[in-house]
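Visitor:
Structure (structure tokens):
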């Protein structure tokens, strides 16, 4: 949906809610009349729930006077639950109803402000501020290897002047340039729309310098020796958080409230799915794989506190952030909810913008922690366990959709000689360079994992060997052109690859075995090639 479409939907939801308000009050009045003529604990409980729901929805749709009146009635009803009502109590409830009716004539607060949906492409230009010309040359050469456009500046004046003319995607600044002037300049720069990422580079890992860099607005901090692969990995990580839509699962029994928050979050570049019954939750967790769960506390049949317990007791969902979104404003009850494993508590009376910021912060932290669990620490690709799970998931998806996919087993040629001749640090740089190249060259839908040592598994969805082989061959040819520098000399490395497809292979074991067999054939026939077994 476009931003205009979402805005129209929000306006439609606000209009429909206002039109339906008299009917909501009618329902509440009907329950009060029923209590006066046929008192029952069930009717009183239903009345309390309807008033509580009205308070939550009125807060959501910015009818704050109505919300306040509903809140007062809810507070009055709460201690009466389970008790027979007196005539005076019925009269008092009717007085609250009159106030509710009166607030219908008070207009709501304006629609929430439009949120920026997504950032435009940043491009691939890097501005480097570095006084050491030899180091600047090294940085420039390494980054250019991966196709980036580099501009080097040796003093702050020329650096700032150039930045006024053309904005970089990333600014890399040596910490020696840290000063009040630079900090102030960066503060102004970060206040502009779509500012560049700010990275700092230092000769040593000094905590005080790192702190100064953070205070100046630094988003990453690198130390000597400079390695382009580390900078690019951090850049990719920040860019993915910025660009990829977050997946939010909304668990809320009132559809009018759920649809409002879904539309508002979509406006903020997030994907949403709504669950209104607890029986739908397990399927939604499995199919949607949310990165955050937005959970109401008070729901019929099964409340949010119970659902939070269930989710936390299931190990595969235990790390997903849970944010309670509720009309509950009692601090002790909020703390009790948080003690069950929730990460935050946002009341419906708060501005929706506050919810967006809370969600973004929680998801960024979740993605960082999740990456530590599933990614290889050296290369940043998925680890062995995670890529195996992705492969199993892809087989299930292929079986359900009847769309084929291909796997490529990639192994560096003569990699032991690289480690023996140039050292393991250089060997690690070669591995990281391959992974950086794969992130740049492969499609966004392709999945890469480190299978072991110098061996990588690539999953290419919706491909056959005929369409996958050119993709891997282009990657192989590009990798062969990279030049690595040791203290001894420059050298290059190649890789071999074997492909297998599903179908006919329908298990992870058969796919990997066939890809391994094709890889062995590539090695036996001379290396530096991609083989598909017929």
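Numbering (our numbering), first residue to last: 19 to 552. Every residue gets a Cβ at the ideal spot worked out from N, C-alpha and C, and that includes glycine. None of these values were measured; they are calculated from a predicted model.
1. From 117, 54, 427, 549, pick the residue whose C-alpha is nearest to that of residue 472; which is it?
2. How big is the Cα-Cα spacing for residue 281 and residue 229?
3. DSSP state of residue 519, grouped into three classes?
4. Count the C-beta pairs between the segment 355–364 and the segment 385–395 that are closer than 8 Å, then say yes if the count reaches three, no if not.
5. By the 10 Å Cβ neighbour count, where 16 or more other Cβ atoms means buried, how is residue 412 classified, buried or exposed?
6. Roughly how far, in whole angstroms, is the beta-carbon of residue 341 from the beta-carbon of residue 299, given that I think they are within contact range, below 8 Å?
7. Could you tell me whether the segment 198–216 touches the segment 171–186, using the rule of 3 or more Cβ pairs below 8 Å?
8. Quick one: what does DSSP say residue 238 is sitting in, helix, strand or coil?
9. On the DSSP letters alone, give me the boundaries of the alpha helix (DSSP H) that residue 55 sits inside.
10. Expressed to the nearest angstrom, what Euclidean distance is found between the alpha-carbon atoms of residue 335 and residue 327?
11. Spatial neighbours of residue 242 within its chain, please: CB distance less than 6 Å, with the 5 preceding and 5 following residues excluded, ordered by chain position.
12. Measure the beta-carbon distance from residue 517 to residue 490 and round it to whole angstroms, keeping in mind my assumption that it falls under 8 Å.
13. Look up residue 453 in the DSSP assignment and say whether it is helix, strand or coil.
14. For residue 545, which of helix, strand or coil comes out of DSSP?
15. Relative to the C-alpha of residue 184, which candidate in 143, 227, 538 has its C-alpha closest?
16. Please determine, among 265, 82, 97, the residue with the shortest C-alpha to C-alpha distance to residue 66.
17. Let me know if residue 403 comes out buried or exposed under the rule of 16 or more other beta-carbons within 10 Å of its beta-carbon.
18. The beta strand (DSSP E) that contains residue 206, what's its start and end?
19. How is the beta strand (DSSP E) around residue 169 delimited, first residue to last?
20. I need the straight-line Cα distance from residue 525 to residue 36, nearest angstrom please.
21. Could you give the residue range of the alpha helix (DSSP H) that holds residue 273?
22. When you compare only the Cα positions, how much space is there between residue 470 and residue 531?
23. Beta-carbon within less than 7 Å of residue 83's beta-carbon, same chain only, minus the 5 sequence neighbours each way: which residues are those?
24. Tell me the rounded alpha-carbon separation between residue 103 and residue 40.
25. Ordered along the chain, which non-local residues of its own chain (more than five positions away) have a Cβ less than 8 Å from that of residue 107?
26. Can you give, in chain order, each stretch of the alpha helix (DSSP H) that sits fully within the segment 367–421 and has at least 4 residues?
27. Under three-state DSSP, which class holds residue 193?
28. When the Cα of residue 114 is compared with those of 50, 63, 76, 71, which residue comes out closest?
29. Please state whether DSSP places residue 251 in a helix, a strand or coil.
30. Report yes if the C-beta distance between residue 514 and residue 429 is below 7 Å; otherwise report no.
31. Please name the residue or residues paired with residue 143 in a DSSP beta bridge.
32. Mark residue 189 as exposed unless 16 or more other C-beta atoms lie within 10 angstroms of its C-beta, in which case mark it buried.
33. Under three-state DSSP, which class holds residue 262?
34. In whole angstroms, what separates the C-alpha of residue 554 from that of residue 258?
35. DSSP on residue 511, reduced to helix/strand/coil?
36. What residue range is occupied by the uninterrupted alpha helix (DSSP H) comprising residue 94?
Guide: Let me spell this out:
1. Of the candidates 117, 54, 427, 549, the one whose C-alpha sits nearest the C-alpha of residue 472 is 427.
2. Using only the alpha carbons, I get a separation of about 39 Å.
3. It is a strand residue.
4. Between the segment 355–364 and the segment 385–395 there are fewer than three inter-stretch CB-CB distances shorter than 8 Å, so the stretches are not counted as touching.
5. With 16 or more other CB atoms across the displayed protein chains lying within 10 angstroms of its CB, residue 412 is buried.
6. Not quite, the Cβ-Cβ distance comes to about 15 Å (not below 8 Å), so this is no contact.
7. Contact check between the segment 198–216 and the segment 171–186: three or more CB pairs, one atom from each, fall below 8 Å, which counts as touching.
8. In the structure shown, residue 238 adopts extended strand secondary structure according to DSSP, grouped into three states.
9. Note, residue 55: alpha helix (DSSP H), 21–55.
10. Approximately 11 Å, taken between the alpha carbons.
11. Spatial neighbours of residue 242 in its own chain (CB-CB distance under 6 Å, excluding positions within 5 residues in sequence) are listed in chain order as 221.
12. Yes, residue 517 and residue 490 are in contact; Cβ-Cβ is about 7 Å, under 8 Å.
13. Judged by DSSP in its simplified three-state form, residue 453 adopts helix.
14. In the three-state reduction of the DSSP assignment, residue 545 falls in the coil class, being assigned neither a helical nor a strand state.
15. When only C-alpha atoms are compared, the closest one is 143.
16. That would be 97, whose Cα lies nearest to the Cα of residue 66.
17. Label assigned to residue 403: exposed.
18. Per DSSP, residue 206 lies in no beta strand (DSSP E) segment; the continuous alpha helix (DSSP H) that holds it begins and ends at 198–208.
19. Element bounds for residue 169: 167–171.
20. Across the structure, residue 525 and residue 36 are spaced so that their CA atoms are roughly 55 Å apart.
21. Its alpha helix (DSSP H) spans residues 273–285.
22. Taking the straight line from one Cα to the other gives about 15 Å.
23. Result list for residue 83: 121, 124, in chain order.
24. As the crow flies, the alpha-carbon of residue 103 is around 26 Å from that of residue 40.
25. Apart from the 5 residues on each side of it in sequence, residue 107 sits with its Cβ closer than 8 Å to the Cβ of 98 in its chain, given in chain order.
26. Taking only runs of at least 4 residues, the alpha helix (DSSP H) segments lying wholly in the segment 367–421 are 370–392, 402–419.
27. Residue 193 falls in the helix class under three-state DSSP.
28. With distances taken between Cα atoms, residue 114 lies closest to 50.
29. Reduced to three states, the DSSP call for residue 251 is helix.
30. Contact check for residue 514 against residue 429 passes: the beta carbons are separated by less than 7 Å.
31. Residue 143 pairs with 167.
32. So residue 189 ends up on the buried side.
33. In this structure, residue 262 counts as coil in the three-state DSSP scheme.
34. The shown model of the chain, from 19 to 552, leaves out residue 554, and the question about it has no answer.
35. Residue 511 falls in the coil class under three-state DSSP.
36. First-last of the alpha helix (DSSP H) with residue 94: 82–95.
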